[in-house]
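Heads up: the structure comes next, in C-alpha coordinates.
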Amino acid sequence: MDPQAAWDDLLEALGERDLDRVENLAEGLLRWLRAGGFPPRAVTGNDLGSDWDREIALAGCRFALAQAREGVTHVP
(Lines of atoms letter the chains of each structure in order from A and count residues from 1; the text may use other names and numbers.)
(Lines give C-alpha, C1' and ligand atoms only; values in the text may rest on other atoms or scores of the structure.)
Protein backbone atom coordinates (compact mmCIF):
# COMPACT_ATOMS: atom_id res chain seq x y z
CA MET A 1 0.00 0.00 0.00
CA ASP A 2 1.22 3.45 -0.89
CA PRO A 3 -0.91 5.59 1.43
CA GLN A 4 0.13 8.84 -0.23
CA ALA A 5 -0.92 7.59 -3.67
CA ALA A 6 -4.19 6.28 -2.19
CA TRP A 7 -4.89 9.64 -0.50
CA ASP A 8 -4.10 11.60 -3.66
CA ASP A 9 -6.27 9.23 -5.72
CA LEU A 10 -9.08 9.56 -3.18
CA LEU A 11 -9.04 13.34 -3.46
CA GLU A 12 -9.03 13.05 -7.26
CA ALA A 13 -11.95 10.58 -7.20
CA LEU A 14 -13.89 12.94 -4.93
CA GLY A 15 -13.33 15.77 -7.38
CA GLU A 16 -14.51 13.58 -10.24
CA ARG A 17 -17.52 12.33 -8.23
CA ASP A 18 -16.45 8.75 -8.95
CA LEU A 19 -18.27 7.23 -5.97
CA ASP A 20 -17.28 3.60 -6.62
CA ARG A 21 -13.62 4.61 -6.71
CA VAL A 22 -14.07 6.81 -3.63
CA GLU A 23 -15.55 3.88 -1.72
CA ASN A 24 -12.76 1.48 -2.73
CA LEU A 25 -9.96 3.92 -1.96
CA ALA A 26 -11.43 5.06 1.36
CA GLU A 27 -11.99 1.48 2.52
CA GLY A 28 -8.46 0.46 1.57
CA LEU A 29 -6.81 3.43 3.24
CA LEU A 30 -8.93 2.99 6.37
CA ARG A 31 -7.88 -0.68 6.61
CA TRP A 32 -4.24 0.34 6.17
CA LEU A 33 -4.38 3.04 8.85
CA ARG A 34 -6.36 0.90 11.32
CA ALA A 35 -3.76 -1.86 10.93
CA GLY A 36 -1.07 0.59 12.03
CA GLY A 37 0.23 1.61 8.62
CA PHE A 38 1.88 5.00 8.29
CA PRO A 39 -0.39 7.85 7.17
CA PRO A 40 -0.22 9.96 4.04
CA ARG A 41 0.77 13.58 4.31
CA ALA A 42 -2.79 14.86 4.44
CA VAL A 43 -2.16 18.61 4.23
CA THR A 44 0.26 20.03 1.70
CA GLY A 45 2.49 22.93 2.60
CA ASN A 46 2.57 22.13 6.32
CA ASP A 47 4.28 19.38 8.25
CA LEU A 48 1.82 18.80 11.06
CA GLY A 49 3.37 15.49 12.02
CA SER A 50 2.19 11.93 11.60
CA ASP A 51 -0.38 12.05 14.42
CA TRP A 52 -2.22 14.94 12.75
CA ASP A 53 -1.85 13.37 9.31
CA ARG A 54 -3.32 10.10 10.62
CA GLU A 55 -6.34 11.80 12.22
CA ILE A 56 -7.02 13.99 9.17
CA ALA A 57 -6.76 10.98 6.85
CA LEU A 58 -9.03 8.86 9.07
CA ALA A 59 -11.66 11.59 9.26
CA GLY A 60 -11.41 12.29 5.53
CA CYS A 61 -11.77 8.62 4.64
CA ARG A 62 -14.76 8.15 6.95
CA PHE A 63 -16.49 11.22 5.52
CA ALA A 64 -15.73 10.25 1.91
CA LEU A 65 -16.94 6.70 2.53
CA ALA A 66 -20.20 7.93 4.06
CA GLN A 67 -20.80 10.23 1.09
CA ALA A 68 -20.05 7.45 -1.40
CA ARG A 69 -22.42 5.05 0.34
CA GLU A 70 -25.17 7.67 0.47
CA GLY A 71 -24.65 8.51 -3.19
CA VAL A 72 -23.75 12.13 -2.48
CA THR A 73 -22.47 13.67 -5.70
CA HIS A 74 -21.63 17.13 -4.38
CA VAL A 75 -19.49 18.41 -1.56
CA PRO A 76 -21.36 20.83 0.71
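Residue numbers (our numbering): 161 to 236.
Here a beta-carbon is modelled for each residue, glycine too, at the ideal position from N, C-alpha and C.
Fair warning: this is a prediction, and the values are worked out from it, not measured in the lab.
For this session: Assuming E187 contacts L225 (C-beta within less than 8 Å), just tell me the rounded distance between them.
Result: 7 Å
Exercise. In chain order, what residues of the same chain lie with their CB nearer than 7 Å to the CB of R214, ignoring the 5 residues before and after it?
Worked result: The answer, listed in chain order, is L193 and P199.
Exercise. Per DSSP, what kind of secondary structure is V203 in: helix, strand or coil?
Worked result: In this structure, V203 counts as coil in the three-state DSSP scheme.
Exercise. Roughly how many angstroms lie between the CA atoms of A228 and D178, to the nearest whole one?
Worked result: 8 Å
Exercise. Any idea what DSSP makes of L208, helix, strand or coil?
Worked result: coil
Problem set entry | Limits of the alpha helix (DSSP H) - the one that A173 falls within | First-last of the alpha helix (DSSP H) with A173: P163 to E176.
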